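A.B. asks: Let me give you the structure first, and then I'll get to my questions.
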């Protein structure tokens with residue numbers, strides 16, 4: 005047994021969900037990548053727009069990367085391509101299905117990268133040889149059409165990577181997970197199953213998208229005004245459901261929101277949206293119809309501040325505002341951390357007279373991920389030697405491990421990974437053998453990676469008790485205080501009402517540092533001393549600890 | 005019909021939940037107050053510790069306040085007493101049940117107020133006359149023992165205020181809601197029902213606390229190590245369940261966390277905790293027992309940063325740390341906004357080898373509030389002329405209104421209030437007739453009410469992209485720039501790595517404001533111009549908008 009007969013599996017990606025955004029497979033000199041997605045910041049990362057994988061490990065191995073495979077078109081699986089493809093190398097061939105390719109093109113076009121990229125469209129019947137890796141595909145049902153999982157044959161054995169999946173028996177597009185192909189792959193013998201596990205907390209089977217169709221039907225039948233449906237811009241099958249139900253009840257549909265409009269146009273061009281005749285209209289045409297003839301699909305179901313739904317809730321949207329009697333359907337479940345924002349939007353819409361339907365009160369959304377019984381089915385279809393739960397947080401991985409053990413898989417053969425951990429697998433070996441850099445790379449505004457933990461920590465501190473700056477002017481010859489001390493604060497106390505406190509701080513600093521001091525002898529020391537002195541002063545007065553930032557000017 | 009024959013009902017309290025923290029009742033010259041609670045800040049109020057009701061409306065009417073009634077001992081119903089009692093007047097008599105009084109005393113003792121307060125303990129059979137108000141009580145089941153609702157008889161009619169309630173048929177303390185008394189009050193004729201509606205999204209009946217007993221029993225039976233149960237410090241009945249189950253399985257119980265220990269000692273003294281023999285131990289004695297003989301009850305089930313559970317998760321607690329094989333039960337459901345914090349704790353405990361059980365995977369917590377069928381029962385027991393849902397956010401009030409209409413109550417007789425709205429009710433009148441101040445009062449550190457919307461807004465901005473200060477020194481005679489410009493930033497970019505950007509800003513500001521300018525002629529204008537100039541400069545370079553704070557020093 006030599007090392008060359010093992011395949012390395014390395015989940016990368018910034019946040020707590022293991023291997024969700026990106027996974028590297030390495031056999032000998034050959035490397036392939038599965039998914040190049042991004043993470044959305046949690047509420048302890050103020051001001052961060054996106055979190056992308058750290059690809060440091062790959063930077064000296066780029067010539068060995070044979071191909072990139074994308075399982076489906078959601079942001080957390082393709083969203084880092086515009087940021088990372090230029091670094092990885094535009095010449096690396098990408099492989100994905102048609103709708104996924106369409107979504108990638110929309111994304112790359114915005115960055116003017118679309119012409120330079122080798123985007124290859126596959127169908128699930130294709131087999132792609134990429135160096136030592138032979139990649140086959142199996143169709144999976146998920147909350148976006150055209151998703152696939154991968155069966156990756158290597159000299160060390162077959163790895164099944166499920167992608168995001170559920171076993172929906174009645175999906176909107178009629179395309180069920182390819183059970184037969186999975187079972188057939190299982191018969192060949194699977195070395196490692198990498199299984200989506202993010203919905204492992206739910207017992208039973210995840211409800212079918214058909215349940216949402218039924219709920220929509222009831223709501224559309226009973227609605228006494230316009231209907232506004234908020235959902236994810238990439239949830240093409242949900243848009244299809246709105247179109248179908250609207251057609252049945254004689255409503256026209258307008259889509260509102262740039263990302264949604266782009267995706268709908270693309271999905272329509274590629275034939276992934278089946279448009280009932282004369283149903284889609286432009287939002288500007290809505291004035292021609294009465295409320296009972298209208299439905300809208302809008303962005304912002306997660307409470308995103310700039311998306312359409314939030315702007316409607318704040319009465320800031322130019323084309324759409326709530327009319328009493330409107331029904332608003334929020335066809336999504338808030339991702340943890342977004343509950344407060346979504347709750348606030350619901351309250352605001354209700355106050356404006358809308359009837360708001362959301363997942364806590366009616367089945368207007370179902371998960372796109374497999375529940376416990378489906379996860380067990382996947383295990384029994386593939387019958388792997390080794391198991392690696394992916395896409396979940398540590399608590400999901402731990403629950404999945406217990407579930408797999410219930411099916412008789414030994415805990416020694418279940419690998420709970422972290423991003424950056426290196427797994428190695430071969431006919432007679434499975435283990436975690438090392439680790440590589442995988443820390444989060446933050447994207448904020450135009451720049452990537454120039455803010456790190458220090459900046460994030462500062463932002464958290466600033467938001468807690470604000471900031472207070474103390475400006476001292478020192479004579480450049482003597483180093484003595486050369487003028488009155490100035491104090492400015494933001495987010496600490498309201499300046500106009502706190503003149504007394506500020507005057508007190510100025511006076512005490514002038515007393516303390518005014519006499520016989522050489523402020524410039526050791527400026528770092530001066531700054532530290534002012535900081536401590538003012539910090540203690542403020543805490544004694546207010547029991548708060550704003551960030552104190554002294555500035556010493558030399559005049 | 006004169007105005008004097010109407011009773012005024014005014015919900016007060018800072019946050020979005022109507023009338024949860026405090027309600028004022030006014031008839032003629034007489035005023036009573038029900039509950040004096042507080043709100044916990046949502047994630048858009050950085051640095052705020054607590055939110056208390058605005059009592060401006062009452063300040064010129066204090067001599068008319070005849071009594072304060074407290075329905076039960078939860079923070080959102082009694083927590084503002086230490087802040088507001090001194091303003092309201094310590095001589096106003098308080099009325100509440102024994103356990104509620106115990107919890108209030110724990111709270112007032114910390115503030116050295118306990119001796120000065122007129123705390124009267126009632127039993128549900130008591131009748132209290134307070135000016136024009138005759139107040140009767142009915143026992144309600146809730147997630148804390150000894151809760152009551154109120155039947156308030158006024159010359160204008162009877163008002164039923166439910167407090168927080170559920171119709172638990174098998175509560176831990178065996179004391180069910182007094183259905184008979186409610187029905188009897190209903191027969192007398194109820195003018196207005198003020199009903200808890202916060203759990204109106206749930207169909208059916210809320211599960212009984214007995215369900216939690218069953219789950220605990222199963223977990224304790226199967227646990228292979230120590231058991232750590234996290235719950236609310238005031239959830240005395242949950243503590244009872246842990247004690248009972250531990251006793252059954254031969255485990256000793258230690259409580260950890262100051263507020264919990266105080267409450268347990270108090271509840272034990274008052275006889276609200278039934279202590280199985282030799283079960284309660286001190287945490288220091290735990291070393292004497294093996295893991296299978298130990299259970300702990302700890303604070304921090306909502307992910308509060310300073311509470312015990314979070315400190316265990318961060319390996320910072322001095323008395324308790326996770327041992328592999330421990331079972332941790334999080335016996336609470338995260339309040340919206342706390343999901344991320346609780347999720348992070350679960351992940352950390354799992355990584356340390358604990359088996360973590362939480363409400364998403366097992367019934368280790370049930371709500372203390374009535375679901376739809378219970379809310380209907382309350383309506384049918386009391387058969388009120390007018391209805392006012394309370395304790396919920398606008399979306400809950402709207403759902404409750406629809407539910408009441410299903411029972412045949414006209415929408416004209418259902419009053420959807422906001423905090424500060426004035427409702428007036430009499431034999432032939434029900435309406436909203438005005439409004440009074442009710443804005444949130446923020447408590448941050450040692451001080452109450454000195455930070456307002458401006459400070460909160462500043463903190464939000466600071467946390468998004470940080471702050472950049474620009475210090476200019478102007479000659480006090482000429483007003484011209486008298487030295488180099490200095491720039492300091494926090495939470496914007498990491499200073500050590502961004503020297504180039506900072507130098508660029510300094511140079512551009514010196515160029516722009518260096519020549520022929522009188523910076524002191526109009527200092528406000530100078531500050532605004534520097535702010536805009538630097539803001540645009542930074543946005544062009546980074547696509548970020550930090551708070552820019554210029555300081556002009558006069559030398």
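Protein chains in written order, with our numbering: chain Y, 5 to 559; chain U, 5 to 559. Positions of the beta carbon are idealized from the N, C-alpha and C atoms, including for glycine. Computed from a prediction, not measured in an experiment: that's the story for all the values here.
Taking the straight line between their C-alpha atoms, what separation do you get for residue 327 of chain Y and residue 448 of chain Y?
C.D. replies: Against the first chain, residue 327 of chain Y aligns to sequence position 323. Against the first chain, residue 448 of chain Y aligns to sequence position 444. Whole-angstrom Cα-Cα distance: 37 Å.
A.B. asks: Residues in its own chain within less than 8 Å of residue 192 of chain U by CB, not counting five upstream and five downstream?
C.D. replies: On the second chain, residue 192 of chain U is found 188 positions in, with the first residue counted as 1. Cβ neighbours of residue 192 of chain U beyond the five flanking positions: 162.
A.B. asks: Note down, in chain order, each residue of its chain lying with its Cβ closer than 7 Å to the Cβ of residue 80 of chain U, except the 5 sequence neighbours on either side.
C.D. replies: The residue given as residue 80 of chain U occupies position 76 in the second chain. 24, 25, 41, 42 and 43, listed in sequence order.
A.B. asks: Can you tell me the Cβ-Cβ gap for residue 321 of chain U and residue 312 of chain U, rounded? I've got them flagged as a contact below 8 Å.
C.D. replies: Position 317 of the second chain, counted from the start, is the residue given in the question as residue 321 of chain U. Position 308 of the second chain, counted from the start, is the residue given in the question as residue 312 of chain U. That belief holds up - the Cβ atoms of residue 321 of chain U and residue 312 of chain U are roughly 6 Å apart, short of 8 Å.
A.B. asks: Anything in chain Y within Cβ reach of residue 521 of chain U, meaning under 9 Å, just list it in chain order.
C.D. replies: The residue labelled residue 521 of chain U in the question sits at position 517 within the second chain. Within chain Y, no residue comes near residue 521 of chain U; the closest Cβ sits about 18 Å away, beyond 9 Å.
A.B. asks: So what's residue 448 of chain U in DSSP terms, helix, strand or just coil?
C.D. replies: Counting from 1 along the second chain, the entry for residue 448 of chain U is found at position 444. Of the three classes helix, strand and coil, the one that applies to residue 448 of chain U here is strand, per DSSP.
A.B. asks: Are any of the Cβ atoms in chain Y nearer than 8 Å to that of residue 335 of chain U?
C.D. replies: Numbered from 1 along the second chain, position 331 holds the residue referred to as residue 335 of chain U. Not an interface residue.
A.B. asks: Locate the beta strand (DSSP E) running through residue 538 of chain Y, then write down its first and last residues.
C.D. replies: In the first chain, the residue the question calls residue 538 of chain Y occupies position 534. Run containing residue 538 of chain Y: none in the beta strand (DSSP E); it sits in the alpha helix (DSSP H), 527-546.
A.B. asks: Assign residue 327 of chain Y to one of three DSSP states: helix, strand, or coil.
C.D. replies: Within the first chain, residue 327 of chain Y is the residue found at index 323, counting from 1. If DSSP states are grouped into helix, strand and coil, residue 327 of chain Y belongs with coil.
A.B. asks: At the level of alpha carbons, what is the spacing between residue 5 of chain U and residue 137 of chain U?
C.D. replies: Locating residue 5 of chain U in the second chain gives position 1, where the first residue counts as 1. Locating residue 137 of chain U in the second chain gives position 133, where the first residue counts as 1. Bear in mind that a pLDDT of 45 at residue 5 of chain U, under 50, signals an unreliable position, so the number given afterwards is only what the model happens to contain. Cα-Cα distance, rounded: 20 Å.
A.B. asks: Could you check the C-alpha separation between residue 314 of chain U and residue 215 of chain U for me, to the nearest Å?
C.D. replies: In the second chain, counting from the first residue as 1, residue 314 of chain U sits at position 310. In the second chain, counting from the first residue as 1, residue 215 of chain U sits at position 211. Those two C-alpha atoms are separated by around 27 Å.
A.B. asks: Suppose contacts are defined by Cβ-Cβ distances below 8 Å. Is residue 329 of chain U in contact with residue 295 of chain U by that definition?
C.D. replies: Along the second chain, read from residue 1 onward, the residue named residue 329 of chain U stands at position 325. Along the second chain, read from residue 1 onward, the residue named residue 295 of chain U stands at position 291. Yes, these two residues count as a Cβ contact at 8 Å.
A.B. asks: Considering just the uninterrupted stretch of the alpha helix (DSSP H) at residue 105 of chain U, what are its terminal residues?
C.D. replies: As a first step, residue 105 of chain U must be located in the second chain, where it is residue number 101. Element bounds for residue 105 of chain U: 102-114.
A.B. asks: Distance check for residue 533 of chain U and residue 543 of chain U, CA to CA, integer angstroms please.
C.D. replies: By one-based count along the second chain, residue 543 of chain U stands at place 539. By one-based count along the second chain, residue 533 of chain U stands at place 529. Those two C-alpha atoms are separated by around 15 Å.
A.B. asks: Can you round the beta-carbon distance between residue 317 of chain U and residue 352 of chain U to whole angstroms, since I take them to be within the 8 Å contact cut?
C.D. replies: Here residue 317 of chain U refers to the residue found at position 313 of the second chain. Here residue 352 of chain U refers to the residue found at position 348 of the second chain. The pair is a contact, with the Cβ atoms about 4 Å apart (cut-off 8 Å).
A.B. asks: Given that residue 402 of chain Y touches chain U, what residues does it touch there, using C-beta distances under 7 Å?
C.D. replies: Position 398 of the first chain, counted from the first residue, corresponds to residue 402 of chain Y. Those are 354, listed as they occur along chain U.
A.B. asks: Let me check one thing: in DSSP terms, what residues is residue 554 of chain U bridge-paired to?
C.D. replies: Sequence index remark: in the second chain, residue 554 of chain U carries index 550 (1-based). DSSP, once it has assigned bridges, lists U/474 as partnering residue 554 of chain U.
A.B. asks: Go ahead and label residue 256 of chain Y buried or exposed: buried means 16 or more other beta carbons lie within 10 angstroms of its beta carbon, across all protein chains shown.
C.D. replies: Position 252 of the first chain holds residue 256 of chain Y. Buried: at least 16 other Cβ atoms inside 10 Å.
A.B. asks: Of the residues that make up the stretch 539-553 of chain U, which ones have a beta carbon closer than 7 Å to any beta carbon in chain B?
C.D. replies: Judged by its chain identifiers, the structure shown contains no chain B, and its protein chains are Y and U.
A.B. asks: Identify the continuous beta strand (DSSP E) that holds residue 165 of chain U and give its terminal residues.
C.D. replies: Taking the second chain and counting its residues from 1, the one referred to as residue 165 of chain U is at position 161. Run containing residue 165 of chain U: 161-165, per the beta strand (DSSP E) assignment.
A.B. asks: Please name the residue, chosen from Y/355, Y/360, Y/354 and Y/306, that lies closest to residue 337 of chain Y on a Cα-to-Cα basis.
C.D. replies: Indexing the first chain from 1 puts residue 337 of chain Y at position 333. Answer by Cα proximity: Y/306.
A.B. asks: Check whether chain U comes within 8 Å of residue 518 of chain Y, counting only Cβ atoms and requiring the distance to be less than that.
C.D. replies: To locate residue 518 of chain Y, count along the first chain from 1; it is residue 514. Not an interface residue.
A.B. asks: Buried or exposed: which applies to residue 286 of chain Y, given that a residue is buried once 16 or more other Cβ atoms fall within 10 Å of its Cβ?
C.D. replies: Residue 286 of chain Y sits at position 282 when you count from the first residue of the first chain. Looking at its Cβ environment, which holds fewer than 16 other Cβ atoms inside 10 Å, residue 286 of chain Y is exposed.
A.B. asks: Residue 359 of chain Y to residue 246 of chain Y, Cα distance in whole Å?
C.D. replies: Numbered from its first residue, the first chain carries residue 359 of chain Y at position 355. Numbered from its first residue, the first chain carries residue 246 of chain Y at position 242. Using only the alpha carbons, I get a separation of about 17 Å.
A.B. asks: At the level of alpha carbons, what is the spacing between residue 323 of chain Y and residue 292 of chain Y?
C.D. replies: Sequence index remark: in the first chain, residue 323 of chain Y carries index 319 (1-based). Sequence index remark: in the first chain, residue 292 of chain Y carries index 288 (1-based). Their Cα atoms are separated by approximately 14 Å.
A.B. asks: In the DSSP assignment, find the beta strand (DSSP E) that holds residue 398 of chain Y and state where it starts and stops.
C.D. replies: In the first chain, counting from the first residue as 1, residue 398 of chain Y sits at position 394. Careful: residue 398 of chain Y lies outside any beta strand (DSSP E), inside the alpha helix (DSSP H) at 398-410.
A.B. asks: Between residue 386 of chain U and chain Y, is the shortest Cβ-Cβ distance under 8 Å, so that the two count as touching?
C.D. replies: Working through the second chain from its first residue, we reach residue 386 of chain U at position 382. With 8 Å as the cut-off, residue 386 of chain U does not count as an interface residue toward chain Y.
A.B. asks: Short of 9 Å Cβ to Cβ, which residues in the stretch 27-51 of chain U face chain Y?
C.D. replies: The stretch 27-51 of chain U vs chain Y, Cβ under 9 Å: 46, 47, 48, 50 and 51.
A.B. asks: Given a threshold of 16 other Cβ atoms within 10 Å of its Cβ, counted over all protein chains shown, does residue 388 of chain U qualify as buried or as exposed?
C.D. replies: Here residue 388 of chain U refers to the residue found at position 384 of the second chain. Classification of residue 388 of chain U: buried, given that the 10 Å Cβ count is 16 or more.
A.B. asks: Nearest-angstrom Cα distance between residue 155 of chain U and residue 132 of chain U?
C.D. replies: For the purposes of this step, residue 155 of chain U is taken as residue 151 along the second chain, with counting starting at 1. For the purposes of this step, residue 132 of chain U is taken as residue 128 along the second chain, with counting starting at 1. One C-alpha to the other measures close to 11 Å.
A.B. asks: So who's on the other strand from residue 134 of chain Y, going by DSSP bridges?
C.D. replies: What you label residue 134 of chain Y is simply residue 130 of the first chain in a count that begins at 1. Y/137.
A.B. asks: Please list, in chain order, the residues of the stretch 351-384 of chain Y that have any C-beta partner in chain U closer than 7 Å.
C.D. replies: Against chain U - using a Cβ distance shorter than 7 Å - the residues of the stretch 351-384 of chain Y are 351, 354, 355, 360, 364 and 365.
A.B. asks: Counting only beta-carbon atoms, is residue 398 of chain U nearer than 8 Å to chain Y?
C.D. replies: In the second chain, counting from the first residue as 1, residue 398 of chain U sits at position 394. Chain Y, which has a Cβ nearer than 8 Å to the Cβ of residue 398 of chain U, makes this yes.
A.B. asks: Nearest to residue 164 of chain U by alpha carbon, out of U/301, U/47, U/153 and U/368?
C.D. replies: The residue you call residue 164 of chain U lines up with position 160 of the second chain. Comparing Cα positions, the closest option is U/153.
A.B. asks: What residues from chain Y crowd round residue 467 of chain U, counting only those whose CB sits closer than 8 Å?
C.D. replies: Position 463 of the second chain holds residue 467 of chain U. Residues of chain Y passing the Cβ test: 50, 51, 463, 464, 466 and 467.
A.B. asks: According to the neighbour-count rule (16 or more other Cβ atoms, all chains shown, within 10 Å of its Cβ), is residue 158 of chain Y buried or exposed?
C.D. replies: One-based indexing of the first chain puts residue 158 of chain Y at position 154. Buried, since its Cβ has 16 or more Cβ neighbours within 10 Å.
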